[in-house]
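Residues 131 to 448, numbered by our numbering, are exactly what the sequence shown covers, in order.
Where a beta carbon is used, it is the ideal one built from N, C-alpha and C, also for glycine.
The structure appears below as structure tokens.
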Amino acid sequence: MPVPSPSRHAALPIALVIGLVACGAEAPASQAPASPPPTAEAAVPAEVPFDAALPADETPDTAVSGVPDAALAVPPPGPAAVLDAAYGPSSPAENGAPADERSLPDGHRAAFWRGQVFALGGAAWYVGFAASAAPSDFPAPGQTVELAQATWRFVDGTWQPVSAAAGIGAFGGEGRAPSSDGTQDARVFEAGGGRVLLAMPVADLANAGVRSYAYELFAGEGEPLAWRHVGRLPAGSDNHAGCSTMIGAEVPCAGTAGTLEFVDEGAPWPTLKLALQGHVIEGPGQARKTTSADVVTLAFNAASGRYEPVGAIPDAAY
131 MPVPSPSRHA ALPIALVIGL VACGAEAPAS QAPASPPPTA EAAVPAEVPF
181 DAALPADETP DTAVSGVPDA ALAVPPPGPA AVLDAAYGPS SPAENGAPAD
231 ERSLPDGHRA AFWRGQVFAL GGAAWYVGFA ASAAPSDFPA PGQTVELAQA
281 TWRFVDGTWQ PVSAAAGIGA FGGEGRAPSS DGTQDARVFE AGGGRVLLAM
331 PVADLANAGV RSYAYELFAG EGEPLAWRHV GRLPAGSDNH AGCSTMIGAE
381 VPCAGTAGTL EFVDEGAPWP TLKLALQGHV IEGPGQARKT TSADVVTLAF
431 NAASGRYEPV GAIPDAAY
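Printed below as a string of structure tokens:
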């Protein structure tokens with residue numbers, strides 16, 4: 131199958147500008163100019179351009195590939211419809227509240243996370259995901275949010291409800307869901323037998339200006355189509371918001387990005403491979419180029435019902 135564009139960032143050469151200043155008296159025309167005395171001028175570090183732009187996704191296997199034009203012309207159900215289907219109609223107390231948020235009877239607060247149109251079995255489908263968490267003034271780093279889903283199928287010019295469920299898994303941290311990566315398209319793999327795998331791109335800002343990338347993985351199967359969260363695939367990072375472009379800086383600019391590949395090995399679910407390219411921080415003032423060893427491989431474990439690493443995940447993935 132086609133493979134996405136290999137990297138979010140283009141590698142750029144580093145230029146070092148050294149200024150030397152010379153001074154001296156003007157020599158007579160008949161004599162050769164005297165050689166200027168050497169100077170002890172220090173080297174001037176030049177700024178290194180760092181392209182943080184993320185190119186458009188050129189991969190043909192995006193989630194909307196194969197979706198009929200008629201379905202793309204009709205907007206799918208909105209956030210309020212997803213929340214109503216997943217958690218039940220809103221109460222009168224919710225009147226005037228944002229359409230993409232909801233208070234639940236158990237005191238948790240739910241919010242629409244992301245929706246995706248995709249093709250399965252030659253038809254157009256839409257799934258909307260929502261997340262809920264208990265309110266907390268000081269959420270712990272490991273405090274995840276609970277996931278819910280609502281699914282529709284495009285039939286006779288309209289979106290018809292198929293399934294909805296809460297408690298399909300948990301993800302995120304600090305009581306909030308991961309942030310969607312608007313620069314990348316969701317990826318889809320139709321596994322056969324009515325099964326489909328969605329890889330939803332996310333991007334979160336970590337400490338010291340580092341932005342980390344990943345794919346949240348959702349598996350759909352059964353009749354009616356039902357979903358569960360089955361893992362997370364780390365997909366690189368970049369530190370352009372907190373690095374220095376000066377030569378010899380303690381935190382040089384670096385970034386990695388991955389090409390996601392679905393490998394059909396005859397199992398019910400594909401193996402996932404992501405080859406990383408770019409530069410990785412190795413220590414203060416040190417960065418290295420990625421190598422052929424910087425590959426993330428995940429395989430589906432039927433016993434746990436989740437995608438798990440095959441071998442160690444390289445540092446370049448984070």
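For residue i, three-class secondary structure by DSSP
i, result
"L80", "Since the first and last residues shown for the chain are 131 and 448, residue 80 lies out of range."
"G339", "helix"
"A417", "strand"
"L202", "helix"
"A446", "helix"
"V318", "strand"
"W289", "strand"
"A270", "coil"
"A307", "coil"
"P382", "strand"
"S221", "coil"
"A344", "strand"
"G196", "coil"
"P331", "strand"
"G323", "coil"
"T401", "strand"
"E353", "coil"
"G372", "coil"
"A433", "coil"
"G299", "strand"
"G396", "coil"
"G312", "coil"
Residue interval of the alpha helix (DSSP H) (run including residue i)
i, result
"L213", "P209 to Y217"
Assumed close pair residue i, residue j - CB separation to whole angstroms, cut-off 8 angstroms
i, j, result
"A365", "G388", "5 angstroms"
"A280", "V197", "Wrong, their Cβ atoms sit about 18 angstroms apart, outside the cutoff."
"T421", "R317", "At roughly 24 angstroms, the Cβ-Cβ gap does not stay under 8 angstroms, so T421 and R317 are not in contact."
"E231", "P269", "About 17 angstroms; that fails the 8 angstroms criterion."
"Y343", "S367", "6 angstroms"
"G361", "Y437", "3 angstroms"
"P206", "W289", "6 angstroms"
"L363", "V426", "6 angstroms"
"Q246", "M376", "Contact flag wrong, Cβ pair sits at about 42 angstroms."
"S413", "A379", "A quick correction: the sequence has Gly, not Ser, at residue 413. Not really, about 13 angstroms apart at Cβ, beyond 8 angstroms."
Cβ shell of residue i (< 8 angstroms), same chain only, five flanking positions each side left out
i, result
"N369", "A338, G339, V340, R341, V381, C383, A384, G385 and I411"
"L234", "Y217, A240 and S262"
"S461", "Shown here, the chain extends from 131 to 448; a query on residue 461 therefore has no answer."
"Q125", "In this structure the chain extends from 131 to 448, so residue 125 is not present and cannot be described."
"A300", "T274, V275, E276, L277 and H359"
"A336", "S342 and S367"
"G435", "R358 and V360"
"V204", "F284, G287, T288 and W289"
"H238", "S262, A263, A264, P265 and E276"
"A432", "P398"
"G372", "A338, G339, V340 and V381"
"V332", "P308, S309, S310, D311, Y343, A344, Y345 and E346"
Where the beta strand (DSSP E) through residue i begins and ends
i, result
"L234", "From DSSP, L234 is part of no beta strand (DSSP E); its letter is neither H nor E."
"A280", "V275 to V285"
"F392", "G385 to V393"
"L250", "R239 to L250"
"F259", "A253 to A263"
"H359", "A356 to D368"
"R436", "R436 to P439"
Same chain only: Cβ atoms within 7 angstroms of residue i, ignoring 5 sequence neighbours per side
i, result
"P291", "A215 and W282"
"D445", "V410"
"S293", "T281, P354, L355 and A356"
"I298", "L277, A278, Q279, W357, R358 and H359"
"E351", "G324 and R325"
"D236", "none"
"R244", "F259, S310 and M330"
"D394", "P400"
"F242", "P209, V212, L213, D230, G258 and A260"
"E320", "L250 and V326"
Proximal residues to residue i (C-beta, below 6 angstroms), its chain only, five neighbours per side dropped
i, result
"A429", "T401 and V440"
"A201", "A254 and F284"
"D334", "P308, S309 and S342"
"A417", "P382, A384, H409 and I411"
Interface flag, residue i vs chain D, CB-CB below 9 angstroms
i, result
"Q416", "Looking at the structure shown, chain D is missing, and only one protein chain is on hand."
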